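Working notes, structure below.
Residue numbers (the working numbering): 37 to 175.
This is the structure in structure tokens:
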């Protein structure tokens, strides 16, 4: 992706903000704050690949990027059995992580859109979520 996308993320504080991670299983909802923020759900390759020393075994794949005015509620909604997102990506990836970063409510749309453009997560594309950076409504 373009240097412009990364510059925009850095301008929003992408590298200076603190990202947190917890395994993406329902009981961990208590670890996630009830604050506004952006989040990503990702996975590593199976540990078997680490054991055989494959060079790409440490790669991490972001599968979905989103935003919420209440990260804990969104974590709970997505991690429950029967959640469309959980069922879709959980069918392929057995070990998922939930990454989050709190940020002001007014920054959510732009931050989420920039992350989607920068990382191109598969589940966002499959659900028809398109990143749009700029005003939400025509001027």
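Note that CB positions come from ideal geometry on N, CA and C, so glycine has one too.
Note that the coordinates shown come from a computational prediction; the quantities given were computed from them, not determined experimentally.
Write down every uninterrupted run of the alpha helix (DSSP H) in the segment 100-131 whose length is 4 residues or greater and which is fully enclosed by it, in chain order. If we require 4 residues or more, the alpha helix (DSSP H) runs fully inside the segment 100-131 come out as 107-115 and 120-126.
Between the CA atoms of residue 57 and residue 157 - distance to the nearest angstrom: Indexing the chain shown from 1 puts residue 157 at position 121. Indexing the chain shown from 1 puts residue 57 at position 21. Taking the CA atoms as reference points, residue 157 sits about 17 Å from residue 57.
Residue 149 - containing beta strand (DSSP E), residue span: One-based indexing of the chain shown puts residue 149 at position 113. It is not in any beta strand (DSSP E) - residue 149 instead sits in the alpha helix (DSSP H) that spans 144-155.
So which of 55, 99 and 107 has the shortest CA-CA distance to residue 68? Here residue 68 is taken as the residue at index 32 of the chain shown, counted from 1. When only C-alpha atoms are compared, the closest one is 107.
Under the three-state DSSP convention, the category residue 67 falls into: Working through the chain shown from its first residue, we reach residue 67 at position 31. Three-state result, residue 67: helix.
May I ask you to report which of helix, strand or coil DSSP gives residue 171? Start at 1 with the first residue of the chain shown, and residue 171 comes out as number 135. Residue placement at residue 171 is flagged as unreliable, the pLDDT there being 46, under the threshold of 50; the coordinate-derived value follows with that caveat. Reduced to three states, the DSSP call for residue 171 is coil.
Whole-angstrom distance between residue 101 and residue 44, CA atom to CA atom: Within the chain shown, numbered from 1, the residue matching residue 44 stands at position 8. Within the chain shown, numbered from 1, the residue matching residue 101 stands at position 65. The C-alpha of residue 44 lies about 17 Å from the C-alpha of residue 101.
Out of 80, 152, 111 and 72, point me to the one whose CA is closest to residue 138's CA. Locating residue 138 in the chain shown gives position 102, where the first residue counts as 1. Measuring C-alpha to C-alpha distances from residue 138 to each of 80, 152, 111 and 72 identifies 72 as the nearest.
Contacting residues, own chain, Cβ-Cβ under 6 Å from residue 110 (five flanking each side not counted): Position 74 of the chain shown, counted from the first residue, corresponds to residue 110. Contacts found: 104.
Among 66, 70 and 61, the one whose alpha carbon lies nearest that of residue 176: Given that the chain is displayed from residue 37 to residue 175, the structure contains no residue 176 and the question cannot be resolved.
Going by the beta-carbon positions, is the gap between residue 78 and residue 99 smaller than 8 Å? To locate residue 78, count along the chain shown from 1; it is residue 42. To locate residue 99, count along the chain shown from 1; it is residue 63. The Cβ atoms of residue 78 and residue 99 sit closer than 8 Å to each other.
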